[in-house]
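Protein chains in written order, with this note's numbering: chain G, 109 to 252; chain H, 109 to 252; chain W, 109 to 252; chain Z, 109 to 252; chain B, 109 to 252; chain X, 109 to 252.
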């Protein structure tokens with residue numbers, strides 16, 4: 109665990125992205141609301157948000173940060189779900205891992221709720237899109 | 109949460125896969141053991157294994173299963189880390205989510221430990237490779 | 109913690125009930141889907157279900173039980189939300205506490221999501237309705 | 109999760125109340141110290157306090173707050189236990205949910221420890237009594 | 109995590125021991141019930157029991173076991189607290205770690221509640237006393 | 109839970125120590141890297157660090173503190189492992205318990221990974237070595 113004792117508290121923000129690639133059967137079922145396990149988008153969104161709060165306990169070297177906000181947005185595209193998560197905190201270190209974890213747990217939840225329909229799903233493209241705050245300043249991914 | 113009350117307990121096994129694509133700088137640092145945050149492969153392996161035990165609490169509709177074994181293997185390839193996780197349990201439902209979660213948390217940990225070196229990393233190709241046990245029988249992914 | 113080592117494993121089921129009494133403003137907002145914090149019924153249902161899985165860690169003398177199923181149903185009545193939770197497990201001891209905890213956490217979530225609209229809400233009538241399995245046999249509350 | 113990033117940190121306090129209605133048998137057993145499962149009031153008090161620390165993980169849209177203090181007081185009345193919980197924090201958002209959760213988990217624990225004696229218990233009247241700090245200022249429930 | 113998939117489920121029991129060495133001031137305060145933080149023995153007993161349920165999450169390579177019983181006994185001796193914990197489960201692997209963890213968390217709690225009175229306390233002699241069940245059979249420590 | 113609402117936030121640091129006494133067989137196996145369960149020192153170090161983050165949830169009356177840093181150092185001596193843990197936070201109360209918990213969980217992990225080789229191990233001498241910050245000022249143990 110990096111010692112952040114000497115670092116300043118300032119506003120941190122991070123946006124992460126990921127996707128769940130899958131067949132039409134599952135995507136259609138979600139759109140029609142016919143997935144037996146429930147409202148996939150709503151459940152995954154919530155799981156992602158709750159997952160972000162667990163980041164510091166799941167990722168060994170992460171500090172536990174006091175999140176000001178986590179937002180998870182899920183879109184249904186033609187051949188995949190896209191997941192975007194934003195995390196914010198006033199902290200001594202960045203919230204990238206919180207945003208990444210939110211995306212991951214949302215992705216896992218989408219997978220779990222649809223695996224009876226489509227076992228071939230692939231979770232991927234999980235990456236950091238943006239980051240603000242802290243000494244290293246702003247970061248904007250170029251190949252978004 | 110699907111009611112598994114009427115299902116039989118039998119041996120379940122699942123293997124999941126995923127990868128962290130990254131540049132040479134981080135891979136070389138890991139091979140040389142020069143990453144400041146510690147032994148990346150060992151920490152990620154452990155985080156994946158511990159993460160698998162949290163599956164039922166992270167993924168809302170998952171049952172909490174009594175895992176008999178979780179194994180996480182991480183390889184350093186030319187342009188990525190490959191992560192394979194196997195989960196086993198005697199249970200009424202499958203352990204795919206446990207294997208998937210192990211891969212995910214291992215991937216997040218690799219990302220976390222190297223993000224000071226390489227911010228462009230992408231976690232992806234997270235998918236189920238194999239599954240055994242239960243009424244649906246054996247599954248072997250074809251496009252491994 | 110009562111020693112259940114000598115007890116038989118058998119099918120257990122419990123149904124608990126509770127309600128959140130509140131004004132029309134919040135109930136109407138929920139029906140119209142205009143609550144800023146999201147889909148109250150869906151979020152509370154999920155929180156209840158996930159909360160049930162934490163029972164053994166929250167209630168000191170409870171055993172941790174392998175839940176086969178948790179179902180939470182929330183209805184919007186004229187002056188209150190009614191919450192019903194069913195828990196099932198094959199276990200050496202009953203699942204009353206899991207059903208009760210599900211109701212409680214669902215109730216807390218309903219409260220949390222509406223407290224900006226209505227601070228006067230009261231969570232109450234949390235009680236066991238039914239119980240099956242185990243040496244003490246079936247229980248059906250009379251004053252449901 | 110409401111974005112509290114722009115809000116000021118200030119002292120927050122909340123008091124919640126609840127009760128467990130039950131028959132004389134259990135109340136007498138508690139007073140005599142003859143409940144097999146242990147010291148009901150002490151265990152429930154502790155469970156409530158520890159439960160308050162879990163609030164942000166149990167209630168999906170709650171922020172995790174750095175509690176300065178949680179106090180749980182339990183009284184044995186003629187036909188019920190009364191539970192009062194006070195929570196305090198220096199935070200950007202209120203601690204109502206922490207106080208409410210403390211009451212709830214204390215109530216569940218009282219129920220759990222006595223359910224072998226009295227299955228008819230009802231947990232109820234869980235509500236916010238007081239709240240201080242934050243933009244909305246002081247709140248004092250009138251129908252205490 | 110050792111693969112216990114092929115092992116038989118049978119009754120397991122383990123007893124662990126530990127102590128907190130301290131000065132008279134704290135021991136006397138506990139006996140008189142004058143410790144500000146509360147009933148030390150009762151709180152520590154409970155913390156130990158609850159801690160045992162967390163073993164599989166705290167100790168990386170431990171399996172999560174379905175505990176049938178945890179008992180923690182604390183005695184006040186002339187110059188120390190002695191802590192004994194017994195854990196039981198029907199499982200494929202032993203419950204030594206659960207008993208050891210119970211002792212440890214009880215010890216930490218005793219330390220925490222008295223550290224304002226006595227900073228010199230030492231927690232020690234934490235060891236396994238007995239173990240039953242499983243292929244390796246019975247174990248009884250000789251130098252108890 | 110002591111009310112720390114009125115206390116100042118300042119830099120806190122604590123160092124705790126502990127050891128696992130054991131036979132040569134286990135120590136040698138660790139040095140040779142032949143312990144089946146993995147890299148004992150690395151796993152224990154990580155478990156201690158992660159355990160420190162759980163302190164506020166394990167020790168009932170502890171506040172949950174925002175740790176700036178946890179460092180666990182493990183040395184292999186002739187007849188024992190020595191464990192030193194340092195914790196740091198900017199907080200209203202000290203981090204002794206975090207340092208102590210880190211030592212304890214590291215000790216439990218060392219025990220767990222070697223118990224198939226040596227059942228006689230004893231975890232002991234767990235104590236506070238140093239403490240800085242807060243009204244009570246600096247503390248340095250004399251009989252280190």
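C-beta: ideal position from N, C-alpha, C; glycine also.
- Between residue 152 (chain G) and residue 217 (chain G), the beta carbon gap of about 4 Å places them in contact (Cβ cut-off 8 Å).
- For residue 163 (chain Z), the enclosing alpha helix (DSSP H) stretches over residues 163-166.
- Cβ contact annotation for residue 119 (chain W) (same chain, cutoff 6 Å, sequence separation greater than five): 198 and 241, in chain order.
- Within the segment 146-162 of chain Z, contact with chain X at the beta-carbon level (separation under 7 Å) is assigned to 154, 157, 158 and 161.
- For residue 246 (chain Z), the CB contacts under 6 Å within the same chain, skipping 5 residues up- and downstream, are 240 in chain order.
- In chain order, 125, 126 and 127 place their CB closer than 8 Å to the CB of residue 233 (chain G), counting only its own chain and leaving out the 5 sequence neighbours on each side.
- Less than 8 Å divides the Cβ of residue 205 (chain G) from the Cβ of residue 167 (chain G).
- Annotation: the continuous beta strand (DSSP E) that includes residue 236 (chain Z) extends over 230-240.
- In this structure, residue 191 (chain X) keeps its C-beta atom at 8 Å or more from the C-beta atom of residue 178 (chain X).
- With a threshold of 16 other beta carbon atoms within 10 Å, residue 176 (chain H) meets it and is buried.
- The continuous stretches of beta strand (DSSP E) do not include residue 139 (chain X), which lies in the alpha helix (DSSP H) extending over residues 132-140.
- Rounded to whole angstroms, the separation of the alpha carbons of residue 130 (chain H) and residue 158 (chain G) is 28 Å.
- By the neighbour-count criterion, in which a residue is buried when 16 or more other Cβ atoms sit within 10 angstroms of its Cβ, residue 195 (chain B) is buried.
- Interface criterion not met: the Cβ of residue 168 (chain G) is under 8 Å from no Cβ in chain Z.
- Around residue 194 (chain Z), no beta-carbon contact reaches into chain W at under 7 Å, the shortest distance being about 17 Å.
- Here the alpha carbons of residue 117 (chain X) and residue 213 (chain H) stand approximately 33 Å from one another.
- Look at the segment 175-205 of chain X: the residues with a C-beta under 9 Å from a C-beta of chain G are 175, 176, 177, 178, 179, 196, 197 and 198.
- In the structure shown, residue 216 (chain G) falls within a helical segment according to DSSP collapsed to helix, strand and coil.
- Close CB contacts of residue 208 (chain Z) within its chain, under the 6 Å cut and outside five residues either way in sequence, are with 124 (chain order).
- The beta carbons of residue 122 (chain B) and residue 236 (chain B) sit closer together than 8 Å.
- Under a criterion of Cβ atoms nearer than 8 Å, the residues of chain B adjacent to residue 119 (chain H) are, in order, 113.
- Between residue 132 (chain H) and the set H:201, H:163, H:225 and H:251, the nearest pair of CA atoms involves H:225.
- If you look at residue 156 (chain W), you'll find it in the alpha helix (DSSP H) that goes 148-160.
- Within chain G, no C-beta atom comes nearer than 8 Å to that of residue 226 (chain H); the closest sits roughly 11 Å away.
- By alpha-carbon distance to residue 144 (chain B), the top candidate from B:193, B:222 and B:162 is B:222.
- Residue 139 (chain Z) and residue 183 (chain G) have their alpha carbons spaced roughly 58 Å apart.
- In this chain, the beta strand (DSSP E) harbouring residue 175 (chain W) covers 175-184.
- Against chain B, a Cβ distance below 7 Å from residue 236 (chain X) picks out 227.
- Contact between residue 169 (chain G) and residue 229 (chain G) does not hold, since their C-beta atoms are separated by about 30 Å, which reaches or exceeds 8 Å.
- The bridge partners DSSP lists for residue 190 (chain B) are B:127 and B:183.
- Between the alpha carbons of residue 115 (chain G) and residue 202 (chain G) lies a distance of about 11 Å.
- Residue environment analysis places residue 162 (chain H) among the buried positions, since at least 16 neighbouring C-beta atoms fall within 10 angstroms of its C-beta.
- Checking the DSSP bridge columns, you'll see residue 196 (chain Z) partnered with Z:121 and Z:177.
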